[in-house]
Structures are given as structure tokens and as C-alpha cells.
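J.:
There are 2 protein chains.
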Amino acid sequence: MPKVSDEHRTEKRQQIIAATLRCVERDGFHKTTMAAVVEESGLSAGSVYTYFRGKHEIIHAIASSGVTGIRDAINRLVPEAGSGQTLPPPERALEAATQHLLDLSEQLGINLPRIALQTWAEAARDPEFLALMAPEARGIRAAWRSYAEAAIDAGQFREGADPEKIAMVLTGLLPGFILQSVVIGDVTPQAYAAGLTDLIN
Amino acid sequence: MPKVSDEHRTEKRQQIIAATLRCVERDGFHKTTMAAVVEESGLSAGSVYTYFRGKHEIIHAIASSGVTGIRDAINRLVPEAGSGQTLPPPERALEAATQHLLDLSEQLGINLPRIALQTWAEAARDPEFLALMAPEARGIRAAWRSYAEAAIDAGQFREGADPEKIAMVLTGLLPGFILQSVVIGDVTPQAYAAGLTDLIN
DNA sequence: GTCCAAAGAGAATGAACATTCGTTTTGTAA
DNA sequence: TTACAAAACGAATGTTCATTCTCTTTGGAC
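Those protein sequences? They're chains U and C, same order as listed. full-length UniProt numbering applies: residue 1 is where the first sequence begins, and numbers increase by one. full-length UniProt numbering applies: residue 1 is where the second sequence begins, and numbers increase by one.
Okay, structure coming up:
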């Protein structure tokens, strides 16, 4: 094949990334072999290496991709000024965020919680990987902060509450849901949200 | 050396496990080489293999060890019947649990949050490893459940609140603290607890 | 239609690493 | 003291895996 359009090129890269995600869900980053990626992608070794310089680069591409879209899901909960949309209470916001994760998992046919655990471990180990992930993590925190600010304005939390600290806790609830869904396996968005309701009231 | 006492044997095993933990904190399970464990432990390759059948067995020993002692730390917060000890509010309980983790990290000279992330990833990947970790995870949930039951009895939460669901959320807050401490790095037990206070009130 | 540069294929390569093995040292028990 | 069984050692081994290299195919430009 001759030089191919840029769209085709990014499409093939997506195909390889998707194949890698399926492998990583099963085996983690380090037990995922290039042979497995090659097989899962339906391409040949040589071909994969024309789209990525190596395994390293595929993994880093995953790190920067913000696969979960959690950040946007949270931002969608915060009404734009004058939109008339109402701000959900924290338990509904949490439920929406966790439900989004499960919906997207189903849609992609990939268990995102499992992938998430792998990426966290990699972030703890590889500073470059961390640098690629951190913006997404900070973005999720910032989204919760916007939510908290709106909630304080709306009188849902006491005047003078610290939106950044509230955001820390709301951000922290997501990994807790993800980890428990993999390790214990009995959490649902509804039960988790109900727990928050009981904790708050 | 001839056959050596059982205490000496378990002591050497501990020494190897401690060395491995230092390696895993730095490199993760899969990038930790036996050569590194050997060097860090100050023993020789052959010697390490007289105490463990292989890398696999060292890793599994770590999985079942419940290194963090979080479970006990939580249980200590719940007063025994008739002890006169008072039940702390959730934010203080959370602060105590997260502070325990940092204290123990300092005491051991090991960053436990980093280790935790590695173990979660391994649990997602290796069912045997998961089976060894799960009891500790369930134990932490059970400890929070005891706390929640006591708190409901004490009137801290509304009558009819579901202690298991409250326990889900309190359990979930810990991974959130751990992950954010590694990825964002700005969480403290105090700030996190203050966030919970603001969220609750 | 012919070229040709890039893509695709898959066997070959070489490095990294867990584990083993032959040898030496050590401490206890006779 | 001597003997011996286990522990310690560390070089050698064999396997696994990422990456490369050569060869073949492909499809757009002229």
C-alpha cells in the first residue's frame, strides 16, 4: 500500500489501541505481549510497528486518551448559567458519574474499572505515564469543584464550605467505586449513592 | 549452615518480603527483577530460592499479609460495649484511618499508597492474587460496617439507614485518598476529612 | 498501464530475566 | 573434633518477548 490518508492512519491507530485495551483488561500492561496485540488487532507485527514506535508508545497513547470520559460526564451535571437546568444533589451526581462508567464499559465492551486499576499502577511506577494521566485526574477534580461551587451557591452546602476539599472527597469516591467493583464486586451506582445519602443525612 | 530454627526461617522470609516491597514501591511487581530483590535483600539468588519457590510465591505472600493494618485501625475506633469510649464522627474516623496509613508508611519507610496501587492492579489480573487479597478488603468493609452500626445506634445517622451501604462509601473513600495522594499529591488526612465535613453539613 | 514509496507480513534476532545447578561454607549433633 | 545436612553462593541456562529486517503486496500518481 502506498502512503495512506491521515484519517486512515489515525483509524488504524485507534484499532491498535482498542486491541491493546482488550489485552490489558485481561492481562495488565506488563503481561500483555506484542504478539497478543498483533493477534487481537488482526494486523502483523511489522504493521503495528509502522503505526507505533513500540509497546511503550501504545501504552502512553492510552494514558493520554482519557478513555473514561468521566470528566465530561461530571461537567454535564453542572448547569450553565441561565440554562434552567437544576443542580442534582451529591448522591445523584455520584450515581450519574458511576453509572456513566458502567454504561461506557458496556458500550465499548471493555471493563473500564479493570483498565483503570492498571493505569493507576502504571502511573505510580512510570513518571512519564503519570505526567500523561495527571491532567485527566486534575480535570475530574476541577469538574467536581465546579459542581461544589454551584452547590454552595445553591445553598446545598453550608456557606463557607471549601469547594476544593469537597471536590477531593467526591473525586475520591470514584476510585473507591471502581476498586470495590473489581475486588468485592457487589457495588452498584444505586447502592453507592444510597450509602452517600445515608452518610449525609 | 545446617538446618536452622523456624523463627530464623520466618525472619529471613520477612527480610525478603521487606526487600521486595521496597522494589515494588519503586518498580511495580512486573518490573521488579529477582536480581533486584536479591541485591536489596543482601542475600544471593540461590539463597532466596531456599525461602521461596519463586517470585510468584513472594508476591502471593505479600498479597495475603494485609500489610496496611487498616482493618485493625478502623476496628479500634468502634468502642467495645461498656468501655466508655465514645464513637468518633465519620470525618474523624476517616481522618484516623488515612492518618494511620501515613504513619505506618513512615514507620516502615515504605510508601504504602504506591504499594496499594500495585496490589490492586495485580488483583485485577491474577485471580489467585485476588483471592488472597479479598478477605482483607472484605474485612475493611466489615470494620466500617461495625462502625456504621454503632453510629446508627448512637443516633449519628438517621434511624433505618443501611449500615452496609454506608460501609461501602466509607470503604470507598480510602482508595480515593490513596490514589489522589499518588497521582495529585495534595491530599492530607485533615483536608480530606474537612471535605467530608463540608459534604455532610 | 507502469512505477514506486509506503504498508503489510512473519521469520529471525538479541536482550532481559527467572530459575537451576554445581560448589563452597556453616553450624549443630554425635 | 569430625561429619554431615542444610544454607549460601553466583555463574550458567533456557525461555520469553520486544523489536528488526527482508521480502511481498498494494494502490495512487503520472
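Even for Gly, the Cβ is constructed at its ideal location relative to N, Cα and C.
1. Tell me, please, whether the CB atom of residue 34 of chain C is closer than 8 Å to any CB atom in chain U?
2. Could you say if the stretch 161-173 of chain C and the stretch 172-189 of chain U meet the contact criterion of at least three C-beta pairs nearer than 8 Å?
3. Under 8 Å, do residue 98 of chain C and residue 177 of chain C count as touching if we go by C-beta distance?
4. Which residues in chain U sit within 9 Å of residue 27 of chain C, going by Cβ to Cβ distance?
5. My understanding is that residue 200 of chain C touches residue 199 of chain U, with C-beta atoms under 8 Å, so please give their C-beta distance in whole angstroms.
6. Taking Cβ positions, are residue 37 of chain C and residue 10 of chain C nearer each other than 8 Å?
7. Residue 80 of chain C: which of C:6, C:90 and C:151 sits nearest, CA to CA?
8. Within the same chain, show all residues whose beta-carbon is closer than 7 Å to that of residue 163 of chain U, passing over the 5 residues directly before and after it, in chain order.
9. Between which two residues does the alpha helix (DSSP H) holding residue 220 of chain C run?
10. Along chain C, which residues have their Cβ under 8 Å away from the Cβ of residue 31 of chain U?
11. To which residues of the same chain is residue 52 of chain U closer than 8 Å at the C-beta, ignoring the five residues directly before and after it?
12. Just to confirm the assignment: which complete alpha helix (DSSP H) runs, minimum length 4, are found wholly within the stretch 32-96 of chain C?
13. Any idea what DSSP makes of residue 137 of chain C, helix, strand or coil?
14. Three or more C-beta pairs under 8 Å: does that hold for the stretch 118-129 of chain U against the stretch 181-192 of chain U?
15. Near residue 111 of chain U, what residues of its chain come up, given a Cβ to Cβ distance below 7 Å and the 5 sequence neighbours on each side ignored?
16. Whole angstroms is fine: what's the gap from residue 109 of chain C's alpha carbon to residue 136 of chain C's?
17. Pull up the distance between the alpha-carbon of residue 103 of chain U and that of residue 67 of chain U, whole angstroms please.
18. Under the three-state reduction of DSSP, which class applies to residue 17 of chain C: helix, strand or coil?
19. Can you name the residues of chain U whose CB is closer than 7 Å to the CB of residue 114 of chain C?
20. With the cut-off set at 8 Å, would you say residue 90 of chain C and residue 179 of chain C are in Cβ contact?
21. Interface residues of chain C around residue 177 of chain U at Cβ under 7 Å?
22. Using a C-beta to C-beta distance shorter than 7 Å, which residues of chain U count as neighbours of residue 117 of chain C?
23. Any C-beta of chain U sitting closer than 8 Å to the C-beta of residue 89 of chain C?
24. With residue 186 of chain C as the anchor, note down where its alpha helix (DSSP H) starts and where it stops.
25. So residue 162 of chain U contacts chain C; which residues on that side make the cut at Cβ distance below 9 Å?
26. By Cβ distance below 6 Å, which residues in the same chain neighbour residue 193 of chain C in space, the five residues on each side in sequence not counted?
27. Write down the C-beta distance between residue 40 of chain C and residue 23 of chain C rounded to the nearest angstrom, noting that I regard them as a contact closer than 8 Å.
28. Are the CB atoms of residue 191 of chain C and residue 87 of chain C within a distance shorter than 8 Å?
29. Quick one: residues in its chain with C-beta nearer than 6 Å to the C-beta of residue 32 of chain C, no 5 flanking neighbours on either side, listed in chain order?
30. Excluding sequence positions up to five away, which residues of its chain have a Cβ less than 8 Å from the Cβ of residue 35 of chain U?
31. Quick one: is residue 76 of chain U buried, meaning 16 or more other Cβ sit within 10 Å of its Cβ, or exposed?
32. Can a CB atom of chain U be found closer than 8 Å to the CB of residue 52 of chain C?
33. What does residue 157 of chain C touch in chain U if you count any residue whose Cβ is under 8 Å from its own?
34. Would residue 104 of chain U pass as an interface residue toward chain C - the criterion being a Cβ-Cβ separation below 8 Å?
35. Using only alpha-carbon positions, find the residue among U:189, U:159 and U:143 that is nearest to residue 73 of chain U.
36. Can the beta-carbon of residue 140 of chain U be found less than 8 Å from the beta-carbon of residue 71 of chain U?
T.: By the coordinates alone:
1. no
2. Yes: the two stretches touch, three or more of their Cβ pairs being nearer than 8 Å.
3. yes
4. 125
5. Sure, about 7 Å apart at Cβ, within 8 Å.
6. Contact flag unset, no.
7. Checking every option, the nearest Cα to that of residue 80 of chain C belongs to C:151.
8. 145, 148, 149 and 152
9. Nothing in the structure corresponds to residue 220 of chain C, since chain C is present only between 1 and 201.
10. 30 and 125
11. 13, 16, 58 and 61
12. 34-41, 45-51, 55-64 and 70-75
13. helix
14. no
15. 25 and 105
16. Between residue 109 of chain C and residue 136 of chain C, the C-alpha separation is close to 22 Å.
17. The straight-line gap from Cα to Cα measures roughly 13 Å.
18. Looking at residue 17 of chain C - three-state DSSP - the assignment turns out to be helix.
19. 124
20. no
21. 172
22. 120, 121 and 124
23. no
24. Element bounds for residue 186 of chain C: n/a, residue is neither H nor E.
25. From the beta-carbon of residue 162 of chain U, the residues of chain C found nearer than 9 Å are 191, 194, 195 and 198.
26. Excluding sequence neighbours, residue 193 of chain C sits near 91, 94 and 95.
27. 6 Å
28. No; because the gap between Cβ atoms is not below 8 Å, this pair is not in contact.
29. 23 and 24
30. Within the same chain, and ignoring the five residues on either side of residue 35 of chain U in sequence, the residues whose Cβ sits closer than 8 Å to its Cβ are 45.
31. exposed
32. The beta carbon of residue 52 of chain C sits no closer than 8 Å to any beta carbon of chain U.
33. Residues of chain U passing the Cβ test: 198, 199 and 201.
34. no
35. Selection U:189, U:159 and U:143 evaluated against residue 73 of chain U yields U:143 as nearest (Cα-Cα).
36. yes
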